[in-house]
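**Q** Dumping the structure here so I can ask a few things about it.
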């Protein structure tokens, strides 16, 4: 019996040596941890999966815990990169132990969706009307402000049921940023943020909560991330942009918004893209960023991260449109490539 | 014989075993207590910025504005307390009735089939309840139930306003469905524990089946049933996902059950991930703390109620 026990210990020892050997092998792989925004998560996971084929020695691990969490974790240096749908304030940047760079990856757009029997598409909205609806000053679908721009569309004499996101989200950030920039009343009363104090309306949790509400309830209006609205074939409104044109949301009209903003782009990319001029620019658009430290502490990780960023700006951008993310326009890509060169490791 | 010599040895080992066992169980029990205290301490610490800034007004203020950083929890406290209590008022009779039916009234085979099905409800994840709630139940409420209530009971303040579907009422219904299996299965076990002799005694005295239930079964099981309801309360007031999906997430205080509302767990789940400012996360932490305190207060009240009840005849027929 004693012998059997000794024997099994020997086997166990052999097993441990084998395990150690495999673990040693795995350690040669660089693991880069990131956390943050949920909105770009499907694209990032596709990028990381594709990039594993390009460079099998690096493995990315991304937790989509929300932009707020991403900012907290990169500031606390518990991850190697953060991701956010909103840019950091000066105070937040000061709180970080090193210089944080904002690297724009793609753009997101927010579409205004609705449920109006008989109006399956082509609803037109002016910024003033949209702000009025969300402020509660425009309460009926046949309000003169709506009728004036929707000639030939029969708008019913029904109360507008307003739906918004209840969970804090980048989608809400971009949407309220837009309302703040086009409506002084909104700016004064509500303001912008991931969660705001909504004057009226029902709160749905997540894109699916808002979409569910809109699909099942007539006379509703709400806002969704572009990819979600397109995938679920929900109707969307055209919005009047800064140049006075009604523009439909699309990948192209989203990219057009950033192309117009490139001339006045600040060096740190901390810029809101809503309500940009340009005949083809859709107005409710925003960047999503990766947050990385300019001084990388770990040489190996820093090197791999920069290699990935360069790949993402060339090859990765081409994968974006297929899964309904708007790629960065050429002129912005060139700017970002220069910024990536400044990362030291 | 070796067996006769062993008792003293066995006893000694028994004492040692007892000691170890006692120690272990105490350790387990106190570790739970320690975890609770640690959690409370941690939450107090994390919510200090909000406690310092707002003080008691946090509890009595109904304004919640993350942009202006002005936070008050009253609308959430209202939403949580009202929805949980009303859900329990609906769920308790439903559950106790079901438990009585499956244990005392139904033929054994049907009873156990129903009991198994009810318990199956407890295994459904709450996000599934939520999705069902928003895609099936809320539209049904909006088109059928709420217009009916407005038409026939609209003179009451509880049924006024427009039918949105997502509402306090929807949350109460979802909570009721979710808590019925828990109360039912505990109440069922409690009723099964009523000694056969009690029931036979009642029947021997000429009691009908209803009288037997009333004088022998229910009084015997009442503290256990009350316990089941208290446990159910913990379940509903903490329910997050399903409620968030159907309650409409509007922080307002309204008597009408047709209006959307908001609960404490919902606002934490909705806003915590994206709360980047210190004060905002602290305010959400303080909501967590208040949730804990409210649950505690209601548990204590229920305990008092239970004492009041058990002062009556305790062990069946007296």
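Chains as they are written, first to last, in our numbering: chain A, -3 to 341; chain B, 81 to 398.
Backbone N, C-alpha and C define an ideal beta-carbon position, used for all residues, glycine too.
(1) Candidates A:311, A:189, A:104 and A:31: which alpha carbon is nearest residue 164 of chain A's?
(2) Have a look at residue 49 of chain A and residue 43 of chain A and give me their C-alpha separation to the nearest angstrom.
(3) Can you give me the Cβ contacts of residue 55 of chain A inside the same chain, cut-off strictly under 6 angstroms, excluding the 5 residues immediately before and after it?
(4) Tell whether a beta-carbon distance below 8 angstroms holds between residue 302 of chain A and residue 341 of chain A.
(5) Going by Cα to Cα distance, which pick from B:343, B:273, B:292 and B:300 is closest to residue 199 of chain A?
(6) What are the residues in the segment 126 to 152 of chain B lying within 8 angstroms of chain A by C-beta distance?
(7) Here's a check: name, in chain order, each residue in its chain whose Cβ is nearer than 6 angstroms to the Cβ of residue 195 of chain A, leaving out the five neighbours to either side.
(8) Just to check my reading of the structure: residue 155 of chain A and residue 215 of chain A have Cβ atoms closer than 8 angstroms, yes? What is that Cβ distance to the nearest angstrom?
(9) State the start and end residues of the unbroken alpha helix (DSSP H) segment that holds residue 178 of chain B.
(10) Tell me which residues of the segment 349 to 363 of chain B have at least one Cβ-Cβ distance to chain A shorter than 7 angstroms, keeping chain order.
(11) Spatial neighbours of residue 97 of chain A within its chain, please: C-beta separation below 6 angstroms, excluding the five flanking residues on both sides.
(12) Nearest by alpha-carbon distance to residue 205 of chain A: which of B:373, B:295, B:327 and B:222 is it?
(13) Within 10 angstroms of the Cβ of residue 76 of chain A, are there 16 or more other Cβ atoms? Answer buried if so, exposed if not.
(14) May I ask you to verify whether the segment 371 to 390 of chain B touches the segment 309 to 317 of chain B, counting CB pairs closer than 8 angstroms and requiring at least 3?
(15) What runs of the beta strand (DSSP E), each 3 residues or longer, lie entirely inside the segment 142 to 215 of chain A?
(16) Drop a sphere of 10 angstroms on the beta-carbon of residue 119 of chain B, count the other beta-carbons inside from all chains shown, and report buried for 16 or more, exposed for fewer.
(17) Mind pulling the alpha helix (DSSP H) runs of 4 or more residues that sit fully within the segment 206 to 291 of chain A?
(18) Does any C-beta atom of chain A lie closer than 8 angstroms to the C-beta of residue 373 of chain B?
(19) By the criterion of Cβ-Cβ separation under 9 angstroms, what are the contact partners of residue 139 of chain A in chain B?
(20) Beta-carbon of residue 352 of chain A versus every beta-carbon of chain B: anything under 8 angstroms?
(21) Select from A:94, A:65, A:67 and A:100 the residue whose C-alpha is nearest the C-alpha of residue 266 of chain A.
(22) In this structure, does DSSP put residue 97 of chain B in helix, strand or coil?
(23) Quick check: does the Cβ of residue 243 of chain B come within less than 7 angstroms of any heavy atom belonging to the ligand GDP?
(24) Quick check: what's the CA-CA separation for residue 186 of chain B versus residue 247 of chain B?
(25) Can you tell me where the alpha helix (DSSP H) with residue 303 of chain B in it begins and where it stops?
(26) Between A:86, A:243, A:53 and A:36, which lies nearest to residue 66 of chain A when the distance is taken from Cα to Cα?
(27) Taking only the alpha-carbon atoms, compute the straight-line gap between residue 104 of chain A and residue 347 of chain B and give it to the nearest angstrom.
(28) Just to confirm my understanding: we take residue 134 of chain A, look at its own chain, exclude 5 residues before and 5 after, and list those with CB closer than 8 angstroms. What are they?
(29) For residue 150 of chain B, which three-state DSSP category applies?
(30) So, helix, strand or coil for residue 293 of chain A, using DSSP?
(31) So what does DSSP say about residue 138 of chain A, is it helix, strand or coil?
(32) Which class does residue 341 of chain A belong to by DSSP, given the choice of helix, strand or coil?
(33) Using CA atoms only, rank isn't needed, just tell me which of B:319, B:287 and B:297 is closest to residue 54 of chain B.
(34) Would you give the residue range spanned by the alpha helix (DSSP H) that residue 211 of chain B belongs to?
(35) Below 8 angstroms between beta carbons: does that hold for residue 142 of chain B and residue 370 of chain B?
(36) If I measure Cβ to Cβ from residue 284 of chain B and keep anything under 8 angstroms in the same chain, skipping five residues before and after, which residues do I get?
**A** Per the coordinate set shown:
(1) Numbered from 1 along the first chain, position 168 holds the residue referred to as residue 164 of chain A. For the residues A:311, A:189, A:104 and A:31, the minimum Cα distance to residue 164 of chain A belongs to A:189.
(2) Here residue 49 of chain A refers to the residue found at position 53 of the first chain. Here residue 43 of chain A refers to the residue found at position 47 of the first chain. Taking the straight line from one Cα to the other gives about 10 angstroms.
(3) Residue 55 of chain A sits at position 59 when you count from the first residue of the first chain. So the qualifying residues of the chain are 25 and 27.
(4) As a position in the first chain, residue 302 of chain A is number 306, starting the count at 1. As a position in the first chain, residue 341 of chain A is number 345, starting the count at 1. Taking 8 angstroms as the Cβ cut-off, residue 302 of chain A and residue 341 of chain A qualify as a contacting pair.
(5) In the first chain, residue 199 of chain A corresponds to position 203, counting from 1. Selected option, being the one with the closest Cα: B:343.
(6) 143, 144, 145, 146, 147 and 148
(7) Sequence index remark: in the first chain, residue 195 of chain A carries index 199 (1-based). Within the same chain, residue 195 of chain A has close Cβ partners 131 and 132.
(8) Stepping through the first chain from its first residue, residue 155 of chain A is reached at position 159. Stepping through the first chain from its first residue, residue 215 of chain A is reached at position 219. About 7 angstroms; that satisfies the 8 angstroms criterion.
(9) By 1-based counting over the second chain, the position of residue 178 of chain B is 98. Unbroken alpha helix (DSSP H) run through residue 178 of chain B: 154 to 180.
(10) 350, 351, 353, 354, 355 and 356
(11) Counting from 1 along the first chain, the entry for residue 97 of chain A is found at position 101. Only 288 and 290 meet the Cβ criterion.
(12) Looking up residue 205 of chain A in the first chain gives position 209. The candidate whose alpha carbon is nearest that of residue 205 of chain A is B:327.
(13) Position 80 of the first chain holds residue 76 of chain A. Buried, because 16 or more other Cβ atoms sit within 10 Å of the Cβ of residue 76 of chain A.
(14) yes
(15) 157 to 161 and 198 to 200
(16) Walking along the second chain from the start, residue 119 of chain B turns up at place 39. The residue in question, residue 119 of chain B, is exposed, as its Cβ has fewer than 16 Cβ neighbours within 10 Å.
(17) 222 to 227 and 247 to 257
(18) Within the second chain, numbered from 1, the residue matching residue 373 of chain B stands at position 293. No, because no Cβ of chain A sits closer than 8 angstroms to the Cβ of residue 373 of chain B.
(19) Indexing the first chain from 1 puts residue 139 of chain A at position 143. Residues of chain B passing the Cβ test: none, with the nearest at roughly 18 angstroms.
(20) For residue 352 of chain A there is no data in the structure shown, the boundaries of chain A being -3 and 341.
(21) Along the first chain, read from residue 1 onward, the residue named residue 266 of chain A stands at position 270. Minimum Cα distance to residue 266 of chain A is reached at A:100.
(22) Translated into the one-based positions of the second chain, residue 97 of chain B becomes position 17. The answer is helix: DSSP assigns residue 97 of chain B an H, G or I state.
(23) Looking for the ligand GDP in the displayed structure turns up nothing, as the structure carries no ligands at all.
(24) Along the second chain, read from residue 1 onward, the residue named residue 186 of chain B stands at position 106. Along the second chain, read from residue 1 onward, the residue named residue 247 of chain B stands at position 167. So the two alpha carbons sit approximately 36 angstroms from each other.
(25) One-based indexing of the second chain puts residue 303 of chain B at position 223. Where residue 303 of chain B is concerned, the enclosing alpha helix (DSSP H) stretches over 298 to 318.
(26) The residue you call residue 66 of chain A lines up with position 70 of the first chain. Of the listed residues, the one whose Cα sits closest to residue 66 of chain A is A:36.
(27) Mapped onto the first chain, residue 104 of chain A falls at position 108. Mapped onto the second chain, residue 347 of chain B falls at position 267. So the two alpha carbons sit approximately 25 angstroms from each other.
(28) Here residue 134 of chain A refers to the residue found at position 138 when the first chain is read from its first residue. Excluding positions up to five away in sequence, the list reads 125, 128, 141, 142 and 156.
(29) Sequence index remark: in the second chain, residue 150 of chain B carries index 70 (1-based). Correct three-state label for residue 150 of chain B: strand.
(30) For the purposes of this step, residue 293 of chain A is identified with residue 297 of the first chain, where counting begins at 1. The answer is coil: DSSP assigns residue 293 of chain A none of H, G, I, E or B.
(31) Residue numbering aside, residue 138 of chain A sits at position 142 when the first chain is read from its first letter. Three-state result, residue 138 of chain A: coil.
(32) Counting from 1 along the first chain, the entry for residue 341 of chain A is found at position 345. Three-state result, residue 341 of chain A: coil.
(33) The requested residue 54 of chain B is not part of the displayed model; chain B covers only 81 to 398.
(34) As a first step, residue 211 of chain B must be located in the second chain, where it is residue number 131. That run of the alpha helix (DSSP H) goes 206 to 212.
(35) Residue numbering aside, residue 142 of chain B sits at position 62 when the second chain is read from its first letter. Residue numbering aside, residue 370 of chain B sits at position 290 when the second chain is read from its first letter. No. Outside cutoff.
(36) Position 204 of the second chain holds residue 284 of chain B. Answer for residue 284 of chain B: no residue qualifies.
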